[in-house]
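Read the structure below first, then the notes.
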Amino acid sequence: MALLTRRRLLQTGMAGIIGTGIAPMMFTKGAWAQEFCNNPTGDTVTFGFNMPLTGAYADEGADQQRALTLAVEHLNGEGDGGLLPTFSSKSLTGKGVLGKKVAYVTGDDQTKADAGRDSARRMIERDGAIMICGASSSAVAIAEQALCQEMGVIYMAGLTHSNDTTGKDKKKYGFRHFFNAYQSGIALGPVLGEAYGKDRVAYHLTSDYTWGWTQEESMKNATEALGWKTITPVRTPVGAGDFSQYLTPVLNSGADVLILNHYGFDGVNSLTQAVQFGMKDKTVNGKKFEIVLPLVSDLMAKGAGEAMKGVYGTSNWDWQLKDAASAAFTKSFGAKYGQPPSQIAHTSYVQALLYADACERAGTFYPPEVIKALEGFEFDGMGNGPTLYRDTDHQCFKDVLVVQGKRAPTNQYDLLDVVATASKESVTYDPAIFGGELGPDTAAMC
Amino acid sequence: MDAILAQLLNGLDKGGAYALIALGLTLVFGTLGVVNFAHGALFMLGAFCAVAFRQLITMETVTIDPSQLSPWGAPLEIKTPLAQTWFGEFGAVMIEYSVPLSIVLAIPVMLIIGIAMERGIIKHFYKRSHAEQILVTFGLAIVAQEVIKAIFGPNPISQPMPTSLRGAADVGLWLGMGPNVLTYPWWRLLYFVFSAAIIAAVFAFLRFTTFGMVVRAGMADRETVGLLGINIGRRFTIMFGLAAVVAGLAGVMYTPLVPPNYHLGMDFLVLSFVVVVVGGMGSLPGAVAAGFLLGILQSFASMAQVKAMLPGIDQIIIYLTAVIILLVRPRGLIGRRGMMES
Numbered sequence: 115m116a117l118l119t120r121r122r123l124l125q126t127g128m129a130g131i132i133g134t135g136i137a138p139m140m141f142t143k144g145a146w147a148q149e150f151c152n153n154p155t156g157d158t159v160t161f162g163f164n165m166p167l168t169g170a171y172a173d174e175g176a177d178q179q180r181a182l183t184l185a186v187e188h189l190n191g192e193g194d195g196g197l198l199p200t201f202s203s204k205s206l207t208g209k210g211v212l213g214k215k216v217a218y219v220t221g222d223d224q225t226k227a228d229a230g231r232d233s234a235r236r237m238i239e240r241d242g243a244i245m246i247c248g249a250s251s252s253a254v255a256i257a258e259q260a261l262c263q264e265m266g267v268i269y270m271a272g273l274t275h276s277n278d279t280t281g282k283d284k285k286k287y288g289f290r291h292f293f294n295a296y297q298s299g300i301a302l303g304p305v306l307g308e309a310y311g312k313d314r315v316a317y318h319l320t321s322d323y324t325w326g327w328t329q330e331e332s333m334k335n336a337t338e339a340l341g342w343k344t345i346t347p348v349r350t351p352v353g354a355g356d357f358s359q360y361l362t363p364v365l366n367s368g369a370d371v372l373i374l375n376h377y378g379f380d381g382v383n384s385l386t387q388a389v390q391f392g393m394k395d396k397t398v399n400g401k402k403f404e405i406v407l408p409l410v411s412d413l414m415a416k417g418a419g420e421a422m423k424g425v426y427g428t429s430n431w432d433w434q435l436k437d438a439a440s441a442a443f444t445k446s447f448g449a450k451y452g453q454p455p456s457q458i459a460h461t462s463y464v465q466a467l468l469y470a471d472a473c474e475r476a477g478t479f480y481p482p483e484v485i486k487a488l489e490g491f492e493f494d495g496m497g498n499g500p501t502l503y504r505d506t507d508h509q510c511f512k513d514v515l516v517v518q519g520k521r522a523p524t525n526q527y528d529l530l531d532v533v534a535t536a537s538k539e540s541v542t543y544d545p546a547i548f549g550g551e552l553g554p555d556t557a558a559m560c
Numbered sequence: 137m138d139a140i141l142a143q144l145l146n147g148l149d150k151g152g153a154y155a156l157i158a159l160g161l162t163l164v165f166g167t168l169g170v171v172n173f174a175h176g177a178l179f180m181l182g183a184f185c186a187v188a189f190r191q192l193i194t195m196e197t198v199t200i201d202p203s204q205l206s207p208w209g210a211p212l213e214i215k216t217p218l219a220q221t222w223f224g225e226f227g228a229v230m231i232e233y234s235v236p237l238s239i240v241l242a243i244p245v246m247l248i249i250g251i252a253m254e255r256g257i258i259k260h261f262y263k264r265s266h267a268e269q270i271l272v273t274f275g276l277a278i279v280a281q282e283v284i285k286a287i288f289g290p291n292p293i294s295q296p297m298p299t300s301l302r303g304a305a306d307v308g309l310w311l312g313m314g315p316n317v318l319t320y321p322w323w324r325l326l327y328f329v330f331s332a333a334i335i336a337a338v339f340a341f342l343r344f345t346t347f348g349m350v351v352r353a354g355m356a357d358r359e360t361v362g363l364l365g366i367n368i369g370r371r372f373t374i375m376f377g378l379a380a381v382v383a384g385l386a387g388v389m390y391t392p393l394v395p396p397n398y399h400l401g402m403d404f405l406v407l408s409f410v411v412v413v414v415g416g417m418g419s420l421p422g423a424v425a426a427g428f429l430l431g432i433l434q435s436f437a438s439m440a441q442v443k444a445m446l447p448g449i450d451q452i453i454i455y456l457t458a459v460i461i462l463l464v465r466p467r468g469l470i471g472r473r474g475m476m477e478s
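Protein sequences, first through last, are from chains X and R. Taking this note's numbering, I'd label the letters of the first sequence as residues 115 to 560. Taking this note's numbering, I'd label the letters of the second sequence as residues 137 to 478.
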């Protein structure tokens, strides 16, 4: 009996090659699966939601939490599915992500960068969160984004409007769906010019941190391009509560427009206090005194009440938009919580779905592959029209809404009017103007 | 000139709040010798008396209007305040003036809280060191704020001021400066007048009543007053309750200016201690003078011209003043000899 025929040799050789070469490659298609932070090994995958449940932006954080909880329900096939049916990508099926049920942990960032960073670290190290989503303050978002870059965990930012988030402080692991201060300036400038004319003197009160600074700069550039003059801006501490000592000098400054670069409770307080000072009833330089709140939300409009009427600002999204996706999200959110969603609810919900969708399209949770899936991703059906996640800075580009406090609301939720829309093309800019480096996408063990 | 006057008015209105809190703090320190770190919490509890009063009278009945739909397609809920349903026009007036009316609730509530706090916990620490007093009262402050957080939530709750007191008064016209030259919000002017009235009432109570005379005597020499057969301890307990009422009323009237949240007391605590130290430990006129002085300085430090020269000065002016005054006058502006001195 021939021990080894030529045929047998070839068969054995092929089997050996397959056995030692190709087959292991098949099994190790996801070999990176063992080499990244919080690789989910069980039948669940954990998302980390970090929000301001206390502090100056707590109202926003509460709505953010509602939306993110709803997103998890929809990802797991519960409820009416929300934006899953309208989303242009059809990778999400309502069966979790990559066959794993989505679980989540929450944290309170207290509207403080250090507390937010600690909370995010806890969720990554203790709770095994594979991604972090949240924040309502740019200082918090930038701090968390930097931590996530170090730990190799993807960060889907919530409401962060500073140019720095996807500018000088951008990170490979950080992604922002929300628009930014530069885009607010581009969108709001022409509307202010038309409404208030070209000969105005603006007084800025600015939250003293990254978001306030970049918003002040963006608004200053936009209004000075119209021909307005700017009086030296005044920086105010975040969470000041009583802004009266900063508002009193406005009255005799010669300014006829007050631009409040404040958000959340700060925006509500400074606006209502400015109105208490009679600023809306004043005439200066022969013109009616006006107040502008460049970044505004439904929650702020609700908090400011009467004071918000007629005040211009910009928004990322509004529940009264008529497209199918906005209607579907409003219906889904309203049915669960008995109130319409705010812009922070919308952007946070969308971010959670975009991350899940990227994992599905990448076929893995391995962060470098998920990053590739998000970079340059073009989508629609999320309430903002056609949107691009730009690969060079991880900033989303879509239409920007100019809103105005409604003068005659028809019901308790009818607070803002969308008065203009700046197109995606008009708010697109060269990423080089804000500098910054994305950094490496190297996976890390946390 | 008008800009300076406007800042001065602002300083007086801010100083009114500082002076009221510091006055209560000094009363407690001067009578009982206790460093009360829970005093800011009493200010916050007073503010929440106003919140609770409003929530009580605006409890709503909900009716469904099937002819109107909410944005998500459900029948619209029409909410009507119970006070309005029950009392009609008078109920509407109660809601409109809920903040000033809540003073009626705040006085007994704060008096009870103050006396209970003193009898229940603080009296056990009279003979302990100041460090231990600080620890226990700080603990009390944290408990109070967590209780409020659990009941009312973490977010600030707006308290609208009456419509008739919204907007600004033309102060310039009163001073013969012409119309719209110097305007200032009505409620802030009212707050200053209210603070001045409360301060005057406390001083009058201590100066012109027998009770006040005994208390002043006890502050000067507790042992001798005791030897005369007067139960000075009971009077000091009542003074603690009175200090709680003063702080509470300051909190009630502050609510339309800044929506209160559970952290309000802590925001004022450090500031009010600085006011007391600058005024002089145990000195009631010192606390009032320092309150107004620091309010005015803080207001002027927030002007754009000042901030342009010294960025961030508005954040440190109070502490900087405290350092300078303590270097020049270690007992504070009107400090009493022997207070906090070995």
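By construction, the Cβ of each residue, glycine as well, lies at the ideal position given by its N, Cα and C atoms.
Work out the CA separation of residue j and residue i for me, nearest whole Å.
| i | j | result |
| --- | --- | --- |
| Gly415 of chain R | Met349 of chain R | 22 Å |
| Met230 of chain R | Leu326 of chain R | 19 Å |
| Met402 of chain R | Gly176 of chain R | 6 Å |
| Arg180 of chain X | Val272 of chain R | 38 Å |
| Gly156 of chain X | Cys247 of chain X | 21 Å |
| Glu308 of chain X | Leu340 of chain X | 10 Å |
| Asn366 of chain X | Thr350 of chain X | 19 Å |
| Lys209 of chain X | Gly193 of chain X | 12 Å |
| Ser294 of chain R | Pro396 of chain R | 7 Å |
| Phe548 of chain X | Tyr296 of chain X | 10 Å |
| Ile335 of chain R | Ile374 of chain R | 17 Å |
| Gly377 of chain R | Met246 of chain R | 7 Å |
| Gln526 of chain X | Asp437 of chain X | 22 Å |
| Val389 of chain X | Asp513 of chain X | 31 Å |
| Ile278 of chain R | Gly250 of chain R | 16 Å |
| Ala153 of chain R | Gly147 of chain R | 10 Å |
| Gly213 of chain X | Gly477 of chain X | 10 Å |
| Leu175 of chain X | Asp306 of chain R | Contrary to the premise, residue 175 of chain X reads as Gly rather than Leu in this sequence. Rounded to whole angstroms, Gly175 of chain X to Asp306 of chain R spans 40 Å at the Cα level. |
| Thr524 of chain X | Gly499 of chain X | 27 Å |
Does residue i come out as helix, strand or coil in the three-state DSSP assignment?
| i | result |
| --- | --- |
| Pro466 of chain R | coil |
| Val459 of chain R | helix |
| Ser429 of chain X | strand |
| Phe347 of chain R | helix |
| Ile334 of chain R | helix |
| Asp356 of chain X | coil |
| Cys262 of chain X | helix |
| Met375 of chain R | helix |
| Pro554 of chain X | coil |
| Phe141 of chain X | Confidence in Phe141 of chain X is poor, its pLDDT being 42 and thus under 50, which makes the residue's placement too unreliable to answer from. |
| Ile547 of chain X | helix |
| Glu359 of chain R | helix |
Between the beta-carbon of residue i and the beta-carbon of residue j, is there less than 9 Å?
| i | j | result |
| --- | --- | --- |
| Ile256 of chain X | Asp228 of chain X | no |
| Leu374 of chain X | Val406 of chain X | yes |
| Gln143 of chain R | Phe404 of chain R | no |
| Gln509 of chain X | Arg290 of chain X | yes |
| Thr225 of chain X | Ser251 of chain X | yes |
| Val406 of chain R | Gly422 of chain R | no |
| Asn164 of chain X | Ser233 of chain X | yes |
| Ala316 of chain X | Thr344 of chain X | yes |
What does residue i reach in chain B if we use C-beta pairs closer than 7 Å?
| i | result |
| --- | --- |
| Tyr360 of chain X | Any reference to chain B falls outside this structure, whose protein chains are X and R. |
Is the closest heavy atom of the ligand NAD to the C-beta of residue i under 8 Å?
| i | result |
| --- | --- |
| Leu318 of chain R | The ligand NAD is not part of the structure shown, which contains no ligands of any sort. |
Would you list, in sequence order, the uninterrupted alpha helix (DSSP H) runs of no fewer than 4 residues that lie entirely inside the segment 201-288 of chain R?
-> 218-223, 225-232, 234-237, 239-256, 266-288
Chain X contacts from the segment 267-292 of chain R (Cβ-Cβ distance under 9 Å) = Lys285, Gly289, Pro290, Asn291, Pro292
Taking Cβ-Cβ distances below 8 Å as the criterion, which residues of the segment 391-403 of chain X are in contact with chain R?
-> Phe391, Gly392, Asp395, Lys396, Thr397
Name, going along the chain, the residues of the segment 518-548 of chain X whose beta-carbon falls closer than 9 Å to a beta-carbon of chain R.
-> Asn525, Gln526, Tyr527, Asp528
Residue ranges of each alpha helix (DSSP H) run of no fewer than 4 residues wholly in the segment 376-463 of chain X, ordered along the chain?
-> 378-390, 412-418, 438-451
Whole alpha helix (DSSP H) elements within the segment 300-356 of chain X, 4-residue minimum = 324-340
Runs of beta strand (DSSP E) lying entirely within the segment 450-527 of chain X, each at least 3 residues, in chain order | 501-503, 514-519
Which full runs of the beta strand (DSSP E) of 3+ residues lie inside the segment 167-191 of chain X, going along the chain?
-> none
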